[in-house]
Amino acid sequence: MATYSLTAPLRDEDLRKLRAGDVVRLSGTVYTARDAAHKRLCEQLDNNEEPPFPLQGAVIYYVGPSPAPEGRPIGSAGPTTSYRMDTYAPRLHALGVKASIGKGKRSQAVRNALQEHTGVYFGATGGAGALLSQCITAAEVIAYADLGPEAVRRLTVQDFPLLVVNDSHGNELYAKPNYDL
Amino acid sequence: MRNIEAREIHEAVVGLVTQAARHLPPDVNQALAAALAREESDSAREILGQLLENAELAARTGLPLCQDTGVGVFFVELGADVRVQGVLPEIINAAMVEGYAKGLLRKSLCHPLTRKNTGDNSPAAIHVDIVPGDRLTIMHMAKGGGSENMSRCTMLTPAQGWAGIKDFVVRRMAEAGPNPCPPTIVGVGIGGTFDMAPALAKKALFRPVGIRNPDPEIAAMELELLDAVNDLGIGPMGLGGRTTSLDVKIEMRPCHIASLPLAVNVQCHSSRVREVVL
Chain A
0 MATYSLTAPL RDEDLRKLRA GDVVRLSGTV YTARDAAHKR LCEQLDNNEE PPFPLQGAVI
60 YYVGPSPAPE GRPIGSAGPT TSYRMDTYAP RLHALGVKAS IGKGKRSQAV RNALQEHTGV
120 YFGATGGAGA LLSQCITAAE VIAYADLGPE AVRRLTVQDF PLLVVNDSHG NELYAKPNYD
180 L
Chain B
0 MRNIEAREIH EAVVGLVTQA ARHLPPDVNQ ALAAALAREE SDSAREILGQ LLENAELAAR
60 TGLPLCQDTG VGVFFVELGA DVRVQGVLPE IINAAMVEGY AKGLLRKSLC HPLTRKNTGD
120 NSPAAIHVDI VPGDRLTIMH MAKGGGSENM SRCTMLTPAQ GWAGIKDFVV RRMAEAGPNP
180 CPPTIVGVGI GGTFDMAPAL AKKALFRPVG IRNPDPEIAA MELELLDAVN DLGIGPMGLG
240 GRTTSLDVKI EMRPCHIASL PLAVNVQCHS SRVREVVL
């Protein structure tokens with residue numbers, strides 16, 4: 000398992016080398032979006048409107064941060080559970096999104112989309128919101144401000160610690176539960 | 000009768016809410032440290048190390064442990080000899096709102112269909128029991144949505160018994176896998192009625208990690224379930240390892256001769272509970 004330092008937006012050549020289990024330190028620009036923001040974003044796409052951020056090469060972080068204390072760009076900011084965004088993710092990957100950051104399992108449809116469109120799914124440590132916020136150096140609400148914690152934010156991240164959970168070659172990192180489901 | 004002023008309750012609840020969000024209870028911290036000492040897999044050790052570092056950082060900086068500062072859940076035991084100056088649930092709800100605002104905690108509640116945020120994290124989920132005595136005990140939990148979503152309730156047949164209960168709980172945790180932020184704490188409510196079993200499961204989560212149910216037979220069931228859940232091998236954040244859950248807590252009460260209600264309330268590793276006795 001390798002460690003890579005990457006800068007977002009991401010390119011296909013960044014992603015093809017990644018394998019499930021690799022560690023990535025991500026820097027650059029990522030966009031936050033979770034449940035309600037995904038619904039609105041896809042409604043905008045349905046209406047042929049411009050999305051609130053460029054989708055090409057984008058990394059979407061599934062997070063609803065807590066309010067920023069004075070002197071800091073953001074409050075706690077760990078990943079939310081990703082499967083709730085599975086409805087939307089294949090379409091966004093088809094439109095150029097390269098990666099998402101969250102926690103928990105993805106659907107087969109999302110895993111297929113990662114293979115088809117050269118994308119990856121990154122895991123970050125759930126519940127470590129105070130720790131992860133230290134890697135966020137700037138944050139700005141750029142769309143859907145009325146959604147409060149679910150608004151779309153442009154984040155600048157520095158060496159954000161990630162694990163490749165699903166790669167673009169069909170591999171998955173999670174342990175298979177020792178149970179006949 | 001003993002009078003308790005609304006102001007005293009209000010201040011106590013604001014303190015509970017703001018402190019719970021930032022300070023991991025000592026029993027949970029110790030359980031994570033013990034798990035770190037026991038784990039052999041590198042990824043499990045890495046995750047557990049991050050969680051301990053996160054707890055230390057939150058306590059030091061005042062940042063919430065997790066960005067999901069949850070629904071404000073309260074289990075209240077009101078002594079029959081206490082007179083509260085005011086309407087108790089209203090006092091608790093208003094104090095919860097103030098605590099979430101003052102503590103810079105995330106407001107996570109919304110209309111279930113339009114998804115419009117209520118803006119102040121209200122309403123609190125409040126359970127009140129009247130108990131003997133002249134004290135007021137307020138237990139608070141900041142309950143996150145990711146783990147709550149992995150919870151389930153079912154009505155088993157009496158014939159399914161312990162084997163059915165065990166299968167349902169272990170299967171649920173296997174299906175939940177990495178989603179609820181393992182290592183989890185599992186609350187199990189057995190018996191009562193359809194509405195009571197989930198409340199028992201949630202109340203069970205207030206008991207500190209490592210403290211067993213006082214009934215030795217139920218205590219043995221807790222340990223049997225804990226072993227079975229940890230044998231799943233899901234591990235911290237689903238990356239494999241010995242620590243899928245830190246503990247299993249069972250609360251049980253009699254049920255109808257036709258019924259066997261069962262509820263599993265899943266708690267993430269960030270088990271933020273606090274209690275005050277007035």
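Quick note, the sequences are listed as chains A and B, same order. Just so you know, we're using numbering that gives the first Met the number 0 here: the first sequence kicks off at 0 and counts up by one. Just so you know, we're using numbering that gives the first Met the number 0 here: the second sequence kicks off at 0 and counts up by one. From the three backbone atoms N, C-alpha and C, an ideal C-beta is built for every residue, glycine too.
Check                                                                                                                                                                                       : Outcome
Is there a C-beta anywhere in chain A that falls below 8 angstroms from the one on M236 of chain B?                                                                                         : yes
Using a Cβ-Cβ cut-off of less than 8 angstroms, give me the residues of the segment 154–167 of chain B that come near chain A, in sequence order.                                           : none
Beta-carbon within less than 7 angstroms of N53 of chain B's beta-carbon, same chain only, minus the 5 sequence neighbours each way: which residues are those?                              : L64
Could you work out which residue in B:I129, B:D119, B:R82 is closest to A94 of chain B when comparing CA atoms only?                                                                        : B:D119
Do you know how far the Cα of P66 of chain A is from the Cα of K97 of chain A?                                                                                                              : 28 angstroms
Pick from B:A158, B:C180, B:T153, B:P179: whose alpha carbon is nearest that of V187 of chain B?                                                                                            : B:T153
Quick one: Cα of E39 of chain B to Cα of P50 of chain A, how far?                                                                                                                           : 45 angstroms
Straight-line CA distance for G74 of chain A to Q43 of chain A?                                                                                                                             : 28 angstroms
Determine the direct distance from the alpha carbon of D11 of chain A to that of T117 of chain A, and round the result to whole angstroms.                                                  : 6 angstroms
Looking at A144 of chain A: is its Cβ nearer than 8 angstroms to the Cβ of I233 of chain B?                                                                                                 : no
Using beta-carbon positions only, say whether M181 of chain B and K104 of chain A come within less than 8 angstroms of one another.                                                         : The sequence given here has Pro at residue 181 of chain B, not Met. No, the pair does not count as a contact, with Cβ atoms beyond the cut-off.
Excluding the 5 residues preceding and the 5 following A337 of chain B in the sequence, name in chain order all residues of the same chain whose CB lies nearer than 6 angstroms to its CB. : Given a span of 0 to 277 for chain B in the structure shown, any question on residue 337 of chain B remains unanswerable.
Let me check one thing: in DSSP terms, what residues is V96 of chain A bridge-paired to?                                                                                                    : DSSP lists no partner for V96 of chain A.
Any idea what DSSP makes of D145 of chain A, helix, strand or coil?                                                                                                                         : helix
Closest by CA to T156 of chain B, which one among B:H255, B:A219, B:D41, B:D214?                                                                                                            : B:H255
Since I249 of chain B contacts I217 of chain B with CB under 8 angstroms, what's their CB separation in whole angstroms?                                                                    : 5 angstroms
Closest to E45 of chain B by CA distance: which of A:I141, A:G125, A:L146, A:G101 is it?                                                                                                    : A:G125
For A35 of chain A, return the contacting residues in chain B, with the cut-off set at a CB-CB distance below 7 angstroms.                                                                  : R114
Roughly how many angstroms lie between the CA atoms of A203 of chain B and F121 of chain A, to the nearest whole one?                                                                       : 34 angstroms
Less than 8 angstroms between the CB atoms is what I'm expecting for G77 of chain A and K106 of chain B, so what's the real figure, rounded?                                                : That pair is no contact at about 17 angstroms.
Using CA coordinates, which residue listed in A:L172, A:N177, A:V151 is at the minimum distance from A36 of chain A?                                                                        : A:V151
Per DSSP, what kind of secondary structure is L222 of chain B in: helix, strand or coil?                                                                                                    : helix
Return the chain-ordered list of same chain residues with a C-beta closer than 6 angstroms to the C-beta of L108 of chain B, the five sequence neighbours on each side being excluded.      : T117, N120
So which residues of chain A does Q66 of chain B contact, with C-beta pairs closer than 7 angstroms?                                                                                        : V62, G63, P64, S65, G74, S75, A76, G77, G128
Rounded to the nearest angstrom, how far is the Cβ of P260 of chain B from that of G160 of chain B, given a contact under 8 angstroms?                                                      : Actually they do not touch by this definition, with Cβ atoms about 13 angstroms apart.
Taking Cβ positions only, does P25 of chain B come closer than 8 angstroms to chain A?                                                                                                      : no
In chain order, what residues of the segment 40–57 of chain B put their CB closer than 7 angstroms to some CB of chain A?                                                                   : I46, Q49, L50, E52, N53, L56, A57
Please confirm whether E221 of chain B has its beta-carbon closer than 8 angstroms to some beta-carbon of chain A.                                                                          : no
In this structure, how does DSSP classify M154 of chain B when only helix, strand and coil are distinguished?                                                                               : strand
Three Cβ pairs or more, each shorter than 8 angstroms: is that satisfied between the segment 126–140 of chain B and the segment 78–91 of chain B?                                           : yes
Report yes or no: is there a C-beta of chain A within less than 8 angstroms of the C-beta of T60 of chain B?                                                                                : yes
When we look at the beta-carbon of Q107 of chain A and count the other beta-carbons within 10 Å, is it buried (16 or more) or exposed?                                                      : exposed
Which residue spans inside the segment 14–62 of chain B form an unbroken alpha helix (DSSP H) run of at least 4?                                                                            : 25–37, 41–60
Verify whether the separation of the beta carbon atoms of D26 of chain B and E76 of chain B is less than 8 angstroms.                                                                       : no
For the segment 180–203 of chain B, list every residue whose C-beta sits within 8 angstroms of some C-beta in chain A, in sequence order.                                                   : C180
Measuring only between beta-carbons, confirm whether L180 of chain A sits less than 8 angstroms from chain B.                                                                               : yes
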